[in-house]
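Since the structure comes first, as C-alpha cells, the remarks are kept for the end.
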Amino acid sequence: MKKDKEQIDNSPMPRREFFRKISKAIAGAGVLALGGAAATKVKGNKSASLYWQIDPEKCTQCGRCETSCVMPVSAVRCIHANKVCGYCDLCGGYYRTNAKELNTAAENMICPTGAIQRKFVEDPYFEYTIDEDLCNGCGKCVKGCSSFGNGSLFLQIRQDLCLNCNECSIANVCASGAITRVPYETAYKMKDQA
Amino acid sequence: MKKNIYRNIAIVTAIFALTLSIMLITNYFQVRKATPLQTEVVQTLKELNDVNADNLQLQEQIRQLDLLSRRAYFVQRSHLKTGLYLLLGMLGVLLVCLRLYYSGVKDIPEKEIDHLDDWLIQSKARKYVLGGAGAVAVAALVFAFLSSPYYSSLGERRAQKKALAQQEEFEAPQEEIFDAESFDPAQLTADATAPETEAPEEETAPQEESQTEEAASEEPVVEQPVISTVTHNAFRGNNSNGQSNARGVPVNWDLSAGSNIAWKVSVAKPGFNSPVLNGRNVFLTGADASARELYCYDLLTGELRWTLAADGIAGSPSTMPTVNGDTGLAASSVATNGSQVCAIFATGDIICADIDGNRLWAKNLGVPDNHYGFASSLLIYGGEVIVQYDNDSDGKLIALNLSNGNVRWTKSRTEKATWSSPIIAYIDGKAQLVVMGNPALTAYNPDNGEMLWKVDCMSGEVGASPCSSNGIVYGASEYASLVAVNAQDGSLLWEANDYLPEVSSPVATKDYVYVATSYGMLIAYDASNGEILAEQDLGTQFYCSPMLVEGKIYIFGTEGNMYIFSNDGKLTLLRTIQTGEPTFATPAFTDGKIVVRSTESLYCVSAS
Amino acid sequence: MKKFLNSLVLLLAGWKAAAISRFPRPDFESGYQYPEYTYAVPNEMLWDIIDVAMLLILMGIVTWALYKKRTRGPILWSSVVSVAYFGFFRGGCVCSVGSIQNVALAFVDNSYSLPLAVFLFFMIPILGAFLFGRVFCSGVCPLGALQDLVNVKNYRINKAVAGALSVIPWIYLAFALLYALTRTRFIICQFDPFIGIFRLGGDIGMIAFGVILLVMSVFTGRPFCRFLCPYGALLSIFSSVSVFKIGITPKPCINCELCHNSCPVDAIEAPYGNKVNESNRTGVKRLLAYMLIIPVLMAAGGLLMRQAAPQLARANREVRLYSQVMYFEDHPDGEMIPEVEAFYSQGRTLEDLISSYEEVHKDFRLYGTLAGMLIGLVIGVKLVRLSLKRGRKQYEIAHSRCVACGKCFSYCPQNRVKAKVN
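Chains as they are written, first to last, in the working numbering: chain H, 1052 to 1245; chain R, 17 to 624; chain G, 5 to 426.
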C-alpha cells in the first residue's frame, strides 16, 4: 500500500506509460488488421450489393410490400412489361375475376386506387399503363395477371423512391424471400429484359 | 427580456407540438386500423355483386364507397405528410428557443464539492454488474429451460419413450420365442402322429400354464371377437423384418377338408402381394387391366368389408405398363398402421384410405420404368409412408406424409430397377430404413432421408428384401452374395455365396440367418460368420419368404406346401402341410391365426 | 426526388425467355409501337462520394475545433449539418453504427459485396478514434448529434449505475454481430430509435422509443450513446488509447472544480486520493480473482448462448419457415400462410429446407458461443477495471467515455486566459 502510493506520488509512472504505449501499438495494429481484412471484401460500386430488389420469379404477391415499407407509401410499385403483355380485352390484372361487364365501374376493377389505365390500340388489343403516382404496390393486379395472363405486371422496388435502408423492413417480412440486395446492373429485375 | 420571449415562444410551440403530435398519432392509428383501400365493406359488397345479377343499386353503392375510400386514403396520406413537416418545424423552433433560453446557464457546482469516493462507486458498480449479469444469466437459464425442447416437447418425449418401450416389448418376446432351447420340437413331431384335433390343444397347453394372460386372450377368439394386439402391418410383418410375435399359431390344418380353417374366400382380382393385417382387418390388393383395387376383409368372418378402387388419379396412365406374368400389376403389398392403409400398384398409383375404406388421398408417382413391373412393398414409419421407387430411369426413395400424401422427403437413387422392399431396422433403439438395390445395400434415416451407410455388394436383378437382427443387417440376392453388415457403421462383417435367394427374402435371429432359394433349398447360416449350419432340399421352389413365428419357421413352397421348421440352426422339418393351392405370397400372422393368400383364394387358418 | 438529380437511366431492351406466355404476343397492324419506359436508378456513386466527403469534412471540422480552436461552436454547427444532411436528407443510411453489421456480413457471406462507402463509413471513425478520440461521436454521427442538440439540462445519473450500464453496448454489439454473421438480420438497423424520426415514418414502436430517448436526452446527455450504441463501444477501445488526446485545457489544471459538472456523459473524473482502507494484498487478491474469473465467465457465457442458440435462431427466416412448413405438414387442413404457400410454389423440397435449417442452427451454435464468450469477456474486463485503484491529482478526462463534445472547454478558466491573451 505504502509502496504503491509512493510510486504514484513520486515516480512518473513509467510502468503505466509503458502499458499505454503497448496498448497504443496493439490498437494501431488492430485498426490496420480490421481495415485490411475488411478491405479485401470491398467491391467496386458496380458490383457492390447496394440496392434492394424483388425477384418477380419468386414473388407471391402476399401484399406485405404495401404495408411494410418504412415510407408512408411503399417504394414498391407495379411495373408493366408491355413486351410480355398479351394486350387482352379481358385482362386478369385489370378486371376482377367475376367482372360482369368489361367497363371501368368500381365493382369490376381490381386496382383499389385506379392506377391502371387502359387505352384502345386496335381490335382486339388494349394497352395498359400504370399511373405510378396512384400505385401503392399492393400487388392485387400482379396476382390477377400471374394467375390469368402472361405475368406482364410485376412488383419492383422503385430505386428512385427507395431509401435504401440498411435493413429493408419489407425484406424482413417477405413471405417468399424474394427481396435481396442487388448490384447496380440488376437494380431492376425486368421481365422484358435479357 | 429576451429570455422571456424565448421562454414564451417555447411554451407556445411546445403546446402546439404536443397537440399536433397527439392528432397525428390518432390519425396514424386511424389510417392503420382502417386502411381505406382494403375496407371489408367494399370487398363484401363486391362479392355480393358477383352473385347478384345486375343490381344497379348495389353497383352504385359500390362505386360511391369506392370513391369515398379512395378520397379518404389520399387525403389522409397528404394530411399525415403535412402534419409531420409542421410538427418537425415546431419542434425545431421549440428546440432553438429552449437552447437560447438556457444558453447562458452553466452547470457549475453550486456549493463546495464533497468529493466522491471513487472506490465506493466502483465497488457499487461492480456489484451491479455482477448482480445484473447473474440475473440475466438466471433469466436466460429459466427461459431456456421453459422453451427448450426438454420442456416444451415433454409430451413428445413421453410419446417417444412409449414408442421405444413398445419397440423393446416387441423385441423382447422375440428373443424368448426364438430361443430354440425353450421350444421342444420333439413334442410337435409327436403331435404330428397324434389325432389332428388334439394337436393344437397340446400345443397351447404348456403356454397356458406359463402365460395365462396370453392364453386367456387367445382362447376365447372363437367364441367372442377379442382382437389380438399382434399386428402384421406390412409385407413380412411389422417393419418387414420377417418376424411376428404371434402366439398360439396353428401348426396343422387341412385346406381341402376345412379343418382349422376359419374361412376361405376368393379374391376378385389377382395379385402377388401378401396380405397384411391389423386388428380385425386384413388388407390386400388385386389388379388387372380394368381396375386396381384395395380390399379389406374381416379377420374373424372373412367377409369383404370394403373395396376401394384406385381410379381417377391425376397422372395415372390410361394403358397399363407391360409387366411380367410373374409380377403382375399388384405385386406390392400394402402397409397399414391401424388407422390408415396405403397401397401402390405397378402404374405408380398410390392410394391411402382410412380403415373404413374412405379414400384419404391418392397420387401417381409416375409410371415406374421397370421391365417386370413394380413390386416393392410399402412401409409405414411414423407419419410417413415409404416408397422404394427404384426403376431404370429415375430411381428414388420417397417418404410421403401419411395424412396428405405430400412429399416429406425424397432421396434420389442411382440404383437400377429392383423388386425388393424396404425394412425398418432398429439399431440401438434408433430406426434405420434399409433398402436393397443394385449395386448397394443402403441405410437411411427414415426421418429425413439422410443416408447413414451404404455397402456396394449387390448385382443382377435384386428381388429379395433385407432383414436385420441384433444390430446386424443381412442382404442377399441371387448372383450376388449374402452379406452381413454392422448397421452401426456400415462395415461388412462377412459374405457368403453358396445358396442365395432370388425372390424369397432372408430372415435372421441373433444366431442364425435363414435363406430360401428358388430351387427349393432352405439354408441356415451362422449369423456370426456365415458358415452353413444346415441345409434342406425340399425339391420345390420358394417365392414366399420365411416367417419366424413362435420359434418356428413358416414357409410356403410355390406348389402350396407349408413347411414348418425348427429355429435352432438344425432346420428340423417339423411338419409339411399340403394345401394344394399354389402360394407365392407370404402369409400374415396374428395370435392363433394365419392368413394365407394363394393364387386361388384367401383363407384364414385358425387354431380351433 | 433527390435521387432524380443525378440519376442514371436504365434502358429496357431485350426479351426475357422466362416469362410465361399464356397469350401470344399480339401482331399489331396499326403500326403500334411499344412504349419505352425508363426506370431511374440513382447514381449512388456520386452520393457515396458526397457522403464520405461530408464525413471527412465534418470530422475535420470537429477535430480542428477541438484541438486548434478549443471551442464548441463549430461542433454545434457540425451537429446541425450532420442531423440535417446525414439524418433528415440522406435518411440515416448507411451510418457507421450499422456498418458494423455489413462488415461482419461481408466476412461470412460471399454473395454479399461490401460497398466501398460502407467500408469507409466503418473505418474512418475508427481511424479517427485511434488518432484523435471519438471525434465522430461528437458532431458527425447524426444519432449522437441529434441527442446533443436537444440536450438543454444535465441531470446526473448515479455513477455506479451508469458504470454498470455501460456494459450493455457490448452485449448489444455481441448480439448484432451474432445476427449479422448468421445472415439473419441487422438488429442495430431494425431497432434504430432515431431512423424513424429522420425519415418521418417507419415502425411506430421504434419511433416512440426514439422520442422517449430524445426526451431523456433533453435532461441528461446522450442516453443512446452511453447505454446502447454498439459502435460507441467499439470506438471507446480506440479512443482510450488514441494517439492524440483531448484535454480540458492544454495548460496545467488548477483544480478549480468549475468543470466538475460540465460533462454531459460523465467523462470528467475528479481528483481522487486513494484512501481505501484495505490492505494492498486484499486489493491484489481481488484483482487476481477477477482476472481468473474471466475464462470462467467466458465459458459460462459461451455455454449459455450455445444453449440459447435454438431460441435465438428463431429470428432467422429459414428457421421460421421450417417451423411454419412443419406446422402446416402436421395440420394440412389449416390455413396456408403466405410463407408456406411461397415455399411450395417455389418448388423447394423439405429436404432442402431441413438442410438449410440445420445449417443455420449450426451457425447459431458457433457464433452464439463466440458471442457468449465475448459477453463473458466484456463483463470480466469490466469487473477487472472496476477493481483497479487509481488515484488522480487533477481533473482528467476518461477518454473511453468522452464523446469529444467540447462542452468542458468553456468551463475552464485556463482556456479563457488564453483566449484573452490572444
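Each residue gets a CB set at the ideal place from its N, CA and C atoms; glycine is no exception.
Checklist entry - Who pairs with E1173/H in a beta bridge, going by DSSP? => result Looking up residue 1173/H in the first sequence gives position 122. For E1173/H, the pairing in a beta bridge is given by DSSP as Y1176/H.
Next on the checklist: Residues of chain R with CB closer than 8 Å to the CB of P1123/H, please, in chain order.
Outcome noted: Here residue 1123/H corresponds to residue number 72 of the first sequence, with the count starting at 1. Result: R93, L96 and K97.
Next on the checklist: Pull the bridge partners of I396/R from the DSSP assignment, please.
Outcome noted: Numbered from its first residue, the second sequence carries residue 396/R at position 380. Looking at the DSSP assignment, I396/R forms a beta bridge with V401/R.
Checklist entry - If you pair each beta-carbon of the stretch 477 to 488 of chain R with each one of the stretch 506 to 522 of chain R, do three or more pairs fall below 8 Å? => result In short, these stretches touch, since the Cβ pair count reaches three.
Checklist entry - Quick one: what does DSSP say F581/R is sitting in, helix, strand or coil? => result Walking along the second sequence from the start, residue 581/R turns up at place 565. Annotated three-state conformation of F581/R is strand, per DSSP.
Item to check | Contact set between D123/R and chain G, taken where Cβ atoms lie within less than 7 Å | outcome: Position 107 of the second sequence holds residue 123/R. Within chain G, the residues near D123/R are N158, N265 and S266.
Next on the checklist: Residues of the stretch 170 to 199 of chain G in Cβ contact with chain H at a cutoff of 9 Å, in chain order, please.
Outcome noted: So the close ones are R189, F190, I191, I192, C193, Q194, D196 and I199.
Checklist entry - Along the stretch 1146 to 1177 of chain H, what residues have a CB closer than 8 Å to any CB found in chain G? => result The stretch 1146 to 1177 of chain H vs chain G, Cβ under 8 Å: V1172, E1173 and Y1176.
Checklist entry - Mind pulling the chain H residues with CB within less than 9 Å of D327/R? => result Locating residue 327/R in the second sequence gives position 311, counting from the first residue. Those within 9 Å of D327/R in chain H number zero; the least Cβ separation is about 30 Å.
Checklist entry - Cα separation between C483/R and H248/R? => result To locate residue 483/R, count along the second sequence from 1; it is residue 467. To locate residue 248/R, count along the second sequence from 1; it is residue 232. So the alpha carbons of these two residues sit roughly 16 Å apart.
Next on the checklist: So for T29/R, helix, strand or coil by DSSP?
Outcome noted: Counting from 1 along the second sequence, the entry for residue 29/R is found at position 13. In this structure, T29/R counts as helix in the three-state DSSP scheme.
Checklist entry - Is it true that the stretch 369 to 377 of chain R meets the stretch 308 to 323 of chain R, where meeting means three or more beta-carbon pairs spaced less than 8 Å apart? => result Yes, the stretch 369 to 377 of chain R touches the stretch 308 to 323 of chain R.
Item to check | Through-space distance from S349/R to P598/R, alpha-carbon basis | outcome: Reading the second sequence from its first residue, position 582 is the one you call residue 598/R. Reading the second sequence from its first residue, position 333 is the one you call residue 349/R. Approximately 18 Å, taken between the alpha carbons.
Checklist entry - So, are the CB atoms of I443/R and A503/R less than 8 Å apart? => result Position 427 of the second sequence, counting from 1, holds the residue named residue 443/R. Position 487 of the second sequence, counting from 1, holds the residue named residue 503/R. At the C-beta level, I443/R and A503/R come within 8 Å of one another.
Checklist entry - So, is C406/G buried or exposed, given that buried needs 16 or more other C-beta atoms within 10 angstroms? => result For the purposes of this step, residue 406/G is identified with residue 402 of the third sequence, where counting begins at 1. By the neighbour-count criterion, in which 16 or more other beta carbons inside 10 Å mark a residue as buried, C406/G falls on the buried side.
Checklist entry - Is the distance from the Cβ of V12/R to the Cβ of V611/R below 8 Å? => result Limits of chain R in this structure are 17 at one end and 624 at the other, which puts residue 12/R out of reach.
Checklist entry - N71/R to L61/R, Cα distance in whole Å? => result Mapped onto the second sequence, residue 71/R falls at position 55. Mapped onto the second sequence, residue 61/R falls at position 45. Taking the straight line from one Cα to the other gives about 11 Å.
Next on the checklist: Rounded to the nearest angstrom, what separates R203/G and M1122/H at their Cα positions?
Outcome noted: As a position in the third sequence, residue 203/G is number 199, starting the count at 1. As a position in the first sequence, residue 1122/H is number 71, starting the count at 1. Each residue's Cα considered, the two are about 8 Å apart.
Next on the checklist: Using CA atoms only, rank isn't needed, just tell me which of G1086/H, C1213/H, I1230/H and A1238/H is closest to A110/G.
Outcome noted: In the third sequence, counting from the first residue as 1, residue 110/G sits at position 106. For the residues G1086/H, C1213/H, I1230/H and A1238/H, the minimum Cα distance to A110/G belongs to G1086/H.
Checklist entry - Would the beta-carbon of V112/G be found less than 7 Å away from any heavy atom of the ligand MG? => result Questions concerning the ligand MG fall outside what the structure shown contains, since it holds no ligand whatsoever.
Checklist entry - Would a check of beta-carbon distances place M58/G closer than 8 Å to chain H? => result Along the third sequence, one-based indexing puts residue 58/G at 54. No, M58/G does not count as interfacial toward chain H.
Next on the checklist: Is it the case that the stretch 175 to 194 of chain G contacts the stretch 278 to 296 of chain G, given that we only count it when at least three CB pairs across the two stretches are under 8 Å?
Outcome noted: Put simply, the stretch 278 to 296 of chain G does not touch the stretch 175 to 194 of chain G. Fewer than three CB pairs are less than 8 Å apart.
Checklist entry - Unbroken alpha helix (DSSP H) runs of length 4 or more, entirely within the stretch 210 to 248 of chain G: which are they? => result Counting only runs of 4 or more, we get 227 to 231 and 234 to 244.
Item to check | Sequence ranges, beta strand (DSSP E) only - wholly within the stretch 242 to 309 of chain R, length at least 3 | outcome: DSSP assignment within the stretch 242 to 309 of chain R yields the following whole beta strand (DSSP E) runs of 3 residues or more, N-terminal first: 277 to 281, 292 to 294 and 297 to 303.
Item to check | Closer than 8 Å to chain G by CB, Q138/R | outcome: Reading the second sequence from its first residue, position 122 is the one you call residue 138/R. Flagged as an interface residue toward chain G: Q138/R, by a C-beta distance shorter than 8 Å.
Next on the checklist: If we define contact as Cβ-Cβ less than 8 Å, is V154/G a contact residue for chain R?
Outcome noted: Position 150 of the third sequence, counted from the start, is the residue given in the question as residue 154/G. Yes, contact with chain R.
Checklist entry - Checking contacts by CB at 8 Å: is M127/G closer than that to chain H? => result Residue numbering aside, residue 127/G sits at position 123 when the third sequence is read from its first letter. Output row for M127/G: interface = yes.
Item to check | Residue environment, K18/R, which counts as buried when at least 16 other CB atoms sit within 10 Å | outcome: Here the question's residue 18/R lines up with position 2 in the second sequence. A residue is called buried when at least 16 other Cβ atoms come within 10 angstroms of its Cβ; K18/R does not meet this threshold and is exposed.
Item to check | Anticipated Cβ contact below 8 Å, D1140/H with L1153/H, distance rounded | outcome: By 1-based counting over the first sequence, the position of residue 1140/H is 89. By 1-based counting over the first sequence, the position of residue 1153/H is 102. 6 Å between Cβ atoms; contact.
Item to check | Short-range partners of chain G found in the stretch 1230 to 1244 of chain H, where Cβ spacing is below 8 Å | outcome: Going along the stretch 1230 to 1244 of chain H in chain order, one finds R1232, P1234, Y1235, A1238, Y1239, M1241, K1242, D1243 and Q1244 with a Cβ nearer than 8 Å to chain G.
Item to check | Endpoints, the beta strand (DSSP E) within which E363/G is located | outcome: Walking along the third sequence from the start, residue 363/G turns up at place 359. DSSP places E363/G outside any beta strand (DSSP E); the residue lies instead in the alpha helix (DSSP H), whose first and last residues are L354 to L390.
Checklist entry - How long is the line joining the alpha carbons of Q1112/H and L374/G, rounded to whole angstroms? => result Start at 1 with the first residue of the first sequence, and residue 1112/H comes out as number 61. Start at 1 with the first residue of the third sequence, and residue 374/G comes out as number 370. Cα atoms of Q1112/H and L374/G: separation of roughly 39 Å, rounded to the nearest angstrom.
Item to check | Outcome for W68/G when other beta-carbon atoms lying within 10 angstroms are tallied against a minimum of 16 | outcome: Reading the third sequence from its first residue, position 64 is the one you call residue 68/G. Looking at its Cβ environment, which holds fewer than 16 other Cβ atoms inside 10 Å, W68/G is exposed.
Item to check | Paired residues, beta bridge with K446/R - DSSP | outcome: Numbered from its first residue, the second sequence carries residue 446/R at position 430. Among the bridge pairs identified by DSSP, K446/R is matched with I443/R.
Checklist entry - The alpha helix (DSSP H) with H95/R in it runs from where to where? => result The residue you call residue 95/R lines up with position 79 of the second sequence. If you look at H95/R, you'll find it in the alpha helix (DSSP H) that goes L72 to Y117.
Checklist entry - Which residues in the same chain as D410/R place their Cβ atom closer than 8 Å to its Cβ, once the five residues preceding and following it in sequence are excluded? => result The count along the second sequence starts at 1 and reaches residue 410/R at position 394. Only G382, D385 and S428 meet the Cβ criterion.
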